[in-house]
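This report concerns only the one structure given below.
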Amino acid sequence: MKTKKLLLKSVPLAVAMGVGMAALTGFSAQAETLKASHQWPGGKGDVRDEMVQIIAREVGNADVGIDVKVYPGKSLYKPKEQWGAMVKGQLDISAFPLAYAAGRHPEFDATLMPGLVKNHDHAMRLNSSPFMDDIKKIINDAGIVVLADAWLAGGFASKTTCITGPETMKGQVTRAAGKAFEQMLVGAGASIASMPSSEIYNAMQTGVLDAANTSSGSFVSYRIYEQAKCLTAPGDNALWFMYEPLLMSKKSYDKLTKEQQDALMAAGKVAEEFFFGAAKGLDDKLVKAYTDAGVEVVTMTPEQAKAWRDIANETSYKSFSEKVPGGDVLIKKALAVD
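Here my numbering is used: the first residue of the sequence shown is 341, the next is one more, and so on.
Take a look at the structure:
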């Protein structure tokens, strides 16, 4: 009987010790979970969502003890809240339109400046230019790390009339991403209603907006073709390019091991290479989606694009150069990249 009692007492002890060791072992082997947020639909083919998913897959495959959980469709943070959350270390990763943080760092408006980026190849050259060196220093000093560069082309859509030359904008209530485009559009006679791209559809549906200016990706992902009468596609004379990189909180990044940091940077390169190829195809996808939906599709002529840039020179560029410390130097550095 004594032997039996001793055995019975030993079993719970052994189980407890086993559970304790397993818990300890599990803790040491448990993957670090990183939260990744963005505002676009998840699993619907948006290239910015796919960039974040690539990060999650590549880092998972690297087997370095990191698990990236993706929260698409502004399900974790509102679009503009993501910057502050990363700075504080509350959010780990985001696909983020940098100009959204221009209220904190006005230099970022240079990454959404009318006509500053000519095409996708020009955007790629900008990534390694002194202009982007300055922008990335501001990002890093703010407490955020760039994992991957990404530039999206964009255009205009309207419920009333096609937007080509500046005269066609007059009287339209328009959404534009960023202060610089708002200044240029006001200079052409438009009225402005500010909102994230995720709100364009409802605003056009309810009559708050007549027109909108955003990326090729957002025009498709948010099905704005259901509300538009005419699309001005990027074509060869795009005015609209926006820097929408993959960013990571420096507080989160600095907590990781060197192996984990290297895995994230390697994943970022894969995502960046994917995006460069996909971004060019987005413009074709945009045109097809709107044509299939029965929307008229036009592009700007070189003369129309120049007329817009002339207005930008007297509004957006002038204001940025005068009001933003070092703004004139930033603009000159960007324009120096052929």
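Yeah, the Cβ is synthetic: ideal placement off N, Cα and C, and Gly gets one too.
With a contact defined as Cβ atoms closer than 8 Å, V548 and S531 miss out at about 11 Å. The beta-carbon distance between C502 and V410, rounded to whole angstroms, is 37 Å. This is too long to meet the 8 Å contact definition.
Burial is judged here by how many other beta carbons sit within 10 angstroms of a residue's own beta carbon; N467 has at least 16 and is buried. Distance from the CA of S469 to the CA of P437, rounded to the nearest whole angstrom, comes to 19 Å. Contact between the region 524–540 and the region 580–600 is absent: fewer than 3 CB-CB pairs across the two stretches fall below 8 Å. Proximity to G495 across A516, S656, A482 and I484 peaks at A516, based on C-alpha coordinates.
Each residue's CA atom was taken as its position, placing Q370 and D403 some 11 Å apart.
According to the DSSP assignment, V485 belongs to the beta strand (DSSP E) that extends over I484 to A488. If the five residues before and after G575 are omitted, its C-beta is found closer than 7 Å to the C-beta atoms of T639 and M640, all from its own chain and listed in chain order.
Annotation: the continuous alpha helix (DSSP H) that includes K477 extends over P470 to D481. The residues I651 and T655, in chain order, have a CB closer than 6 Å to that of G527 in the same chain once the five nearest residues on each side in sequence are set aside. Cβ-Cβ separation between A463 and W491: approximately 4 Å, consistent with a contact (criterion under 8 Å). If you keep only unbroken beta strand (DSSP E) runs of at least 3 residues inside the region 587–654, you get 636–638.
If you compare the alpha carbons of Y541, R388, A482 and I395 with that of A493, the shortest gap goes to R388. Along the length of the region 495–546, whole beta strand (DSSP E) runs at least 3 residues long occupy 513–516, reported in chain order.
The beta strand (DSSP E) runs of length 3 or more contained entirely in the region 384–436 are, from start to end of the chain, 406–411 and 433–435.
M582 carries a strand assignment under DSSP once its states are collapsed to helix, strand and coil. Cβ contact annotation for R649 (same chain, cutoff 6 Å, sequence separation greater than five): G455, in chain order. Within the model, the alpha-carbon separation for A603 versus R563 is close to 35 Å. Annotation: K458 is outside any beta strand (DSSP E) and is labelled neither H nor E by DSSP.
Bounds of any alpha helix (DSSP H) do not take in A552; it lies within the beta strand (DSSP E) bounded by A551 to S555. The criterion of a C-beta distance shorter than 7 Å is not satisfied by A629 and P506.
DSSP, reduced to helix, strand and coil, places K375 within a strand of the structure shown.
Each of N577, V635 and T373 was checked against the Cα of E643, and the nearest Cα belongs to N577. The closest CA to that of L571, considering only A618, D623, K458 and G511, is found on D623. The way I'd put it, the region 605–615 does touch the region 390–403; three or more beta-carbon pairs between them come closer than 8 Å. According to the DSSP assignment, L670 belongs to the alpha helix (DSSP H) that extends over G667 to L675. With respect to L374, D432 sits close: the two C-beta atoms are nearer than 7 Å.
In summary, Q422 is buried, with 16 or more beta-carbon neighbours lying within 10 Å of its beta-carbon over all protein chains present.
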